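Just below is one structure, and these are the notes that go with it.
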Amino acid sequence: MEIKDLLKIVNESDRVSALYDIIEEGTRLSTKAAQVEFLTTIRQIEKHLKPGMKILDLGAGTGQYSLFFAGQGFDVVAVELVAKHVNQIKEKISEEMSIEVIQGNALDLSIIEDKSYDIVLCFGPLYHLSKIEDRMKCISEVKRVCKDNGKMFFAFISNDMVITTETFLYNPNFLLEDLYNRETFKVVDFPFVFHTVDDCRKLLRDAELNIISEIAADGLSELFQDKINKMDNESYEQWLNFHFHCCEKPEFLGTSNHLLFVAEK
Ligand SMILES: C[S@@+](CC[C@H](N)C(=O)[O-])C[C@H]1O[C@@H](n2cnc3c(N)ncnc32)[C@H](O)[C@@H]1O
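This is the structure we're talking about:
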């Protein structure tokens, strides 16, 4: 099956599963360039993390974040839609980890009690749920299961930076094709859902959340992946430090493929 054939699949969960039969999630964050997103996000989560806190990871993928924090001694519950990913997480769990992996949908967390997690990660569902009402439902579930003094972390894929990356990295004719609307400057929401910085703010504010940080999670890393991947370790460390320094500056938000929003009630 090719990506374009996914449109024939009506059920959204089945479509997401079929997408991940085509793209390999397990190696997504494995290069130096891709690790920028992971390392930036970990740093931001650690700012709010205290010993004994409970973490819920929604759309856990193959477990990058769940396994990292379980490995640090935190209690983690990972919820993931795609069976293949659930199995991949389970294969990587070591004995000393306190982690539960559930195959489920972030749209319906009814098996989870209200106000039961200190940290809720939502890195995936909001760029897969195609209907705005489903994205709002997902955010309201995140809010419900988060403790009153807890923190909620949301990942988005940036509409504006995707246009730049697609054009200059993958397809010089991207701006002439139907996936890009030359009047609205929006990318068609397929196979992911794309948000501008203002779209992200509006979603979270409409859910009556208080945004406490807005972070350019990976900045220019995808666009410059070839150059970043060739950096020696010393230069890479300095590039990371520079990125960490810049990623919270508002002027960097528009030029990041992934956006990380931190919110509280
Ligand atoms: C690109 S991966 C990201 C994985 C991981 N959270 C990360 O940030 O590296 C997105 C994941 O979200 C999952 N996902 C998408 N929609 C979901 C939903 N409604 N409920 C649970 N998981 C979902 C997908 O199956 C996929 O594994």
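Anchor point for the sequence shown: position 170 equals 166 in the numbering used here, and the numbering is continuous, going up by one each time.
Each residue gets a CB set at the ideal place from its N, CA and C atoms; glycine is no exception.
Source: prediction; values computed, not measured.
(1) Count the other C-beta atoms from every protein chain shown that fall within 10 angstroms of the C-beta of residue 58, then say buried if there are 16 or more, exposed otherwise.
(2) For residue 185, which residues in the same chain have their Cβ closer than 8 Å to its Cβ, ignoring the five residues on either side in sequence?
(3) Excluding the 5 residues flanking residue 158 on each side, which residues of the same chain have their C-beta closer than 6 Å to its C-beta?
(4) For the 8 Å Cβ check, are there 3 or more pairs between the stretch 129 to 144 and the stretch 33 to 47?
(5) Mind checking whether the beta-carbon of residue 253 lies closer than 7 Å to any heavy atom of ligand 1?
(6) Going by Cα to Cα distance, which pick from 11, 12, 221 and 75 is closest to residue 165?
(7) Per DSSP, which residues does residue 32 bridge with? Please list them.
(8) Indicate the three-state DSSP secondary structure (helix, strand or coil) for residue 78 in the structure shown.
(9) Where does residue 157 fall in DSSP's three states?
(10) Would you give the residue range spanned by the beta strand (DSSP E) that residue 256 belongs to?
(11) For residue 148, name the three-state secondary structure that DSSP assigns.
(12) Closer than 8 Å is the cut-off here; do at least three beta carbon pairs connect the stretch 53 to 69 with the stretch 88 to 98?
(13) Quick check: is any heavy atom of ligand 1 less than 7 Å from the C-beta of residue 44?
(14) What do you reckon, is the C-beta of residue 56 under 7 Å from a heavy atom of ligand 1?
(15) Near residue 78, which residues of its chain fall below 6 Å by C-beta distance, leaving aside the five closest residues on each side in sequence?
(16) Counting C-beta neighbours from all protein chains within 10 Å, is the total for residue -3 16 or more, i.e. buried, or is it exposed?
(17) Give me the residue from 215, 8 and 237 with the minimum Cα distance to residue 161.
(18) Take the Cβ of residue 231 as the centre, count every other Cβ of all protein chains shown within 10 Å, and call the residue buried at 16 or more, exposed below.
In brief:
(1) Translated into the one-based positions of the sequence shown, residue 58 becomes position 62. If you draw a 10 Å sphere on the C-beta of residue 58, you find 16 or more other C-beta atoms in it, and that means buried.
(2) Here residue 185 is taken as the residue at index 189 of the sequence shown, counted from 1. Once the five neighbours on either side are set aside, the close Cβ partners of residue 185 are 126.
(3) Here the question's residue 158 lines up with position 162 in the sequence shown. Annotation for residue 158: 183 and 190 place their beta carbon closer than 6 Å to its own, counting only its chain and skipping 5 residues before and after.
(4) As far as the Cβ criterion goes, the stretch 129 to 144 does not touch the stretch 33 to 47, which means the pair count is below three.
(5) As a working note, residue 253 is residue 257 in the sequence shown. No; taking the cut-off as 7 Å, the Cβ of residue 253 has no heavy atom of ligand 1 nearer than that.
(6) On the sequence shown, position 169 is the one that residue 165 refers to. Shortest Cα-Cα distance from residue 165 to any of 11, 12, 221 and 75 involves 221.
(7) Here residue 32 refers to the residue found at position 36 when the sequence shown is read from its first residue. DSSP lists no partner for residue 32.
(8) Numbered from its first residue, the sequence shown carries residue 78 at position 82. DSSP places residue 78 in coil when its eight states are reduced to three.
(9) If you number the sequence shown from 1, residue 157 lands on position 161. Collapsing the DSSP output to three states places residue 157 in a helix.
(10) By one-based count along the sequence shown, residue 256 stands at place 260. 254 to 260 is the extent of the beta strand (DSSP E) around residue 256.
(11) The residue given as residue 148 occupies position 152 in the sequence shown. DSSP, read as helix, strand or coil, puts residue 148 in strand.
(12) Segments in contact, yes.
(13) As a position in the sequence shown, residue 44 is number 48, starting the count at 1. Not so, every heavy atom of ligand 1 lies at least 7 Å from the Cβ.
(14) Numbered from 1 along the sequence shown, position 60 holds the residue referred to as residue 56. Yes, since a heavy atom of ligand 1 falls inside the 7 Å radius drawn around the Cβ of residue 56.
(15) Looking up residue 78 in the sequence shown gives position 82. Only residues of its own chain outside the window of five on either side were considered, and among them 13 and 16 have a CB closer than 6 Å to the CB of residue 78, listed in chain order.
(16) Locating residue -3 in the sequence shown gives position 1, counting from the first residue. That one is exposed.
(17) In the sequence shown, counting from the first residue as 1, residue 161 sits at position 165. Selected option, being the one with the closest Cα: 215.
(18) On the sequence shown, position 235 is the one that residue 231 refers to. Exposed is the call here.
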